[in-house]
Amino acid sequence: MSTPKQFDVVVIGAGPGGYIAAIRAAQLGFSVACIDEWANAKGGPAPGGTCTNVGCIPSKALLQSSEHFEHAGHAFKDHGIDVAGLSLNLPQMLKRKDVVVKQNNDGILFLLKKNKVAFFHGRGAFGAAVEGGYTINASGPTTDTLQTKHVIVATGSNARELPGAPFDEKLILSNTGALTIEGVPAKLGVIGAGVIGLEMGSVWRRLGAEVTVLEGLPTFLGAVDEQIAKEAFKLFTKQGLGINLGVKIGKVTPGKKDVTVEYTDAKGEAVKAVFDKLIISIGRTPNTNGLNAEAVGLKLDERGFIAVDDDCKTSLANVWAVGDVVRGPMLAHKAEEEGVAVAERIAGQHGHTNFNTIPWVIYTSPEIAWVGQTEQQLKASSVSYKSGTFPFMANGRARALGDTSGMVKFLADATTDEILGVHIIGPMASELISEAVVAMEFRASAEDIARICHAHPSLSEATKEAALAIDKRSLNF
Ligand code: FAD
Ligand code: NAI
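Below, the structure is given as structure tokens:
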């Protein structure tokens, strides 16, 4: 056997958790290797993980393209722009999405190289615990044995299958198939009204599909502030998304060209629905496949996540795990924050991830974004709070944009005025939420935001006005 290649840190997985951890560790002076097995259509390396290849990036590319299509067909007219002969070129839309993905893959390869991270294309698996660390086998186009003191596992997650309805990516689609449907399905079924269901359902509805979403829970977007979720339900159903809550899915039967879903609706009535395609988006499961965790005794928790403490330390000395493969929200920016924090801890610094200020965004139209506590959480924990809302309808920039749906909502401590949560449904909520995140990181009060000068006309004035509304002193509503 050849002598193992020596590194200070080996990262398994080059999704947002892994590649960012590798870069930060390299910046801190360590010799770093990063192993990732994702392959593009030509078999070449495609770092970036779920996020870049079949998640955040391609879904946002299609959300943008489909929104342009919808605007060209509907909203442009109101702006005095008449479009004649509008038609959809779906192959071009999908091709553009693939180009965007490739640009991101290439960008990550460039960044790894720039930071002198040794990249291995293939599967990384634990070999053995050895004196001073671990051996890791990287097997792909080439087979290498690496030896390292520290290991960071960032192997991500996979789509959860519905029992009895395995993904075939032709009729029964995971997020992977949902991003590559070659013709707009006349009838699209979606099981699960979570983030993927709503984002991908929106894409295909905008492109012309009749979309029926089947959700098991009786409530819509349970993790979202109730007032915002109620508004979202109203707006999405008005757009034409058919959202059915409280259903119980029965048999799913794929045919030659369509798929039949038998379910019981909220009233208890049996329904048989036939769809041209079915997306199943009922959550994701941690991925530890092929990691050979058993070889070193790496502990998983009862749900299959790698067990970690608050600092992302696993059950083994100098083995760390970050991102979707560990507890906490399955979000790219959460994975990145953990990756940076772990690299800094390895360097003896005090890396930190603040779970209370991780923003969430759902990229529907309007977008939904929030940070901190919801009103229902504050009620449940008996915190006394004040609430202030401001509708985009009363915001000049939103009127100029022609996008006035939704609101900004502030929740602040009744005594100290500290901001406890900010919830937005409306245009560019994904960008607006950053101000709230910064404010909460600095433990700002609602009054702080209310007194800061915001540019006019801008959507961010709605944020200031919602902060003013905490004390019932909105100026424009
Ligand atoms: P991953 O991105 O899953 O990366 C893990 C990598 O490890 C993969 O490349 C995998 O091939 C590799 N790997 C696994 N095992 C091995 C092994 N043994 N050897 C070598 N390589 C291995 N999050 C957001 O924040 N914003 C969004 O807008 C958003 N949109 C999403 C849309 C969709 C459709 C989906 C499915 C997810 C979305 N997410 C979004 C979630 C986001 O993609 C994940 O939270 C994020 O990718 C997790 O990063 P990670 O590094 O932990 O894992
Ligand atoms: P999700 O957890 O967001 O939603 C799953 C939904 O399916 C829930 O509403 C759940 O009640 C429902 N469900 C579960 N089992 C069911 C069943 N048997 N029948 C009917 N309904 C059922 O999961 P989703 O949408 O698959 O996304 C996975 C994760 O990916 C998200 O939680 C999020 O972390 C990440 N993601 C983030 C995005 C973003 O940040 N914008 C976009 C897309 C995904």
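Each residue of the sequence shown is one higher than the last, beginning at 10 in the working numbering.
Glycine included, C-beta positions come from ideal geometry on N, C-alpha and C.
All values reported here derive from a predicted model rather than from experimental measurement.
Original post:
Apart from the five residues on each side of it in sequence, which residues of its chain come closer than 6 Å, Cβ to Cβ, to A70?
Top reply: By one-based count along the sequence shown, residue 70 stands at place 61. The residues are K106, V109.
Subject >> With 16 other Cβ atoms within 10 Å as the buried cut-off, status of I90 >> reply: On the sequence shown, residue 90 is found 81 positions in, with the first residue counted as 1. So I90 counts as exposed.
Subject >> Element boundaries [beta strand (DSSP E), containing C43] >> reply: Here residue 43 refers to the residue found at position 34 when the sequence shown is read from its first residue. Element bounds for C43: 41-45.
**OP:** Could you check if F119 is buried or exposed, using at least 16 other CB atoms within 10 Å of its CB as the buried criterion?
**Re:** Looking up residue 119 in the sequence shown gives position 110. F119 is classed as exposed because its beta carbon has fewer than 16 other beta carbons within 10 Å across all chains shown.
Subject >> Collapsed DSSP secondary structure at S454 in the structure displayed >> reply: To locate residue 454, count along the sequence shown from 1; it is residue 445. Reduced to three states, the DSSP call for S454 is strand.
Original post:
Going along the chain, which unbroken runs of the alpha helix (DSSP H) with 4 or more residues stay wholly within the region 105-181?
Top reply: none
Original post:
So does Y372 have its beta carbon nearer than 7 Å to some heavy atom of the ligand FAD?
Top reply: To locate residue 372, count along the sequence shown from 1; it is residue 363. Flag set: Cβ of Y372 near the ligand FAD.
Original post:
From A147 to S183, what does the alpha carbon distance come to, in whole angstroms?
Top reply: Mapped onto the sequence shown, residue 147 falls at position 138. Mapped onto the sequence shown, residue 183 falls at position 174. Roughly 28 Å between the two C-alpha positions.
Original post:
Buried or exposed: where does N363 fall if 16 or more other Cβ atoms within 10 Å of its Cβ makes it buried?
Top reply: The count along the sequence shown starts at 1 and reaches residue 363 at position 354. Classification of N363: exposed, given that the 10 Å Cβ count is below 16.
Original post:
Do S290 and the ligand NAI come close, with the Cβ less than 7 Å from some heavy atom?
Top reply: Here residue 290 corresponds to residue number 281 of the sequence shown, with the count starting at 1. For the ligand NAI, at least one heavy atom lies less than 7 Å from the Cβ of S290.
Subject >> K86 to E79 span [Cα, whole Å] >> reply: By 1-based counting over the sequence shown, the position of residue 86 is 77. By 1-based counting over the sequence shown, the position of residue 79 is 70. Computed Cα separation, rounded: 11 Å.
Subject >> Reduced DSSP category for T323 - H, G, I as helix; E, B as strand; rest coil >> reply: Numbered from 1 along the sequence shown, position 314 holds the residue referred to as residue 323. Residue state, collapsed to three classes: coil.
Original post:
For N296, is the classification buried or exposed, using 16 other Cβ atoms within 10 angstroms of its Cβ as the cut-off for buried?
Top reply: To locate residue 296, count along the sequence shown from 1; it is residue 287. Looking at its Cβ environment, which holds 16 or more other Cβ atoms inside 10 Å, N296 is buried.
Original post:
Taking the Cβ atom as the reference point for each residue, do P67 and L188 lie within a distance shorter than 8 Å?
Top reply: Here residue 67 refers to the residue found at position 58 when the sequence shown is read from its first residue. Here residue 188 refers to the residue found at position 179 when the sequence shown is read from its first residue. A contact, by the Cβ cut-off of 8 Å.
**OP:** Determine the extent of the beta strand (DSSP E) in which H432 is found, giving its start and end residues.
**Re:** Locating residue 432 in the sequence shown gives position 423, where the first residue counts as 1. Segment 428-435, the beta strand (DSSP E) holding H432.
Subject >> According to DSSP, residues forming a beta bridge with R293 >> reply: On the sequence shown, position 284 is the one that residue 293 refers to. DSSP output for R293 lists A168 as bridge partner(s).
Original post:
What separation, rounded to the nearest whole angstrom, lies between the Cα atoms of V490 and E219?
Top reply: Since the first residue of the chain shown is 10 and the last is 486, residue 490 is not available in this structure.
Original post:
Does the pairing of the region 345-357 with the region 21-40 give three or more beta-carbon distances under 8 Å?
Top reply: yes
**OP:** Helix, strand or coil for Y28, going by three-state DSSP, please let me know.
**Re:** For the purposes of this step, residue 28 is identified with residue 19 of the sequence shown, where counting begins at 1. DSSP places Y28 in helix when its eight states are reduced to three.
**OP:** Can you check DSSP and say which residues form a bridge with T221?
**Re:** Here residue 221 corresponds to residue number 212 of the sequence shown, with the count starting at 1. G198, G251.
**OP:** State the CB to CB distance for the pair L444 and S469, rounded to an integer number of angstroms; the pair is presumed to be in contact (CB under 8 Å).
**Re:** Taking the first residue of the sequence shown as position 1, residue 444 is located at position 435. Taking the first residue of the sequence shown as position 1, residue 469 is located at position 460. What sits at residue 444 in the sequence shown is Glu, not Leu. Their Cβ separation, rounded to whole angstroms, is 6 Å, which keeps E444 and S469 in contact under 8 Å.
Original post:
Which term fits P98, buried or exposed, when burial requires 16 or more other beta carbons within 10 angstroms of its beta carbon?
Top reply: By 1-based counting over the sequence shown, the position of residue 98 is 89. Strictly speaking, residue 98 in this sequence is Asn, with Pro absent from that position. It is exposed - the Cβ of N98 has fewer than 16 other Cβ atoms within 10 Å.
**OP:** Taking P368 as part of the beta strand (DSSP E), name the residues at either end of that continuous run.
**Re:** Position 359 of the sequence shown, counted from the start, is the residue given in the question as residue 368. Premise fails: P368 is in no beta strand (DSSP E) and is neither H nor E.
**OP:** Identify whether T61 lies in helix, strand or coil by the three-state DSSP scheme.
**Re:** By 1-based counting over the sequence shown, the position of residue 61 is 52. Three-state result, T61: helix.
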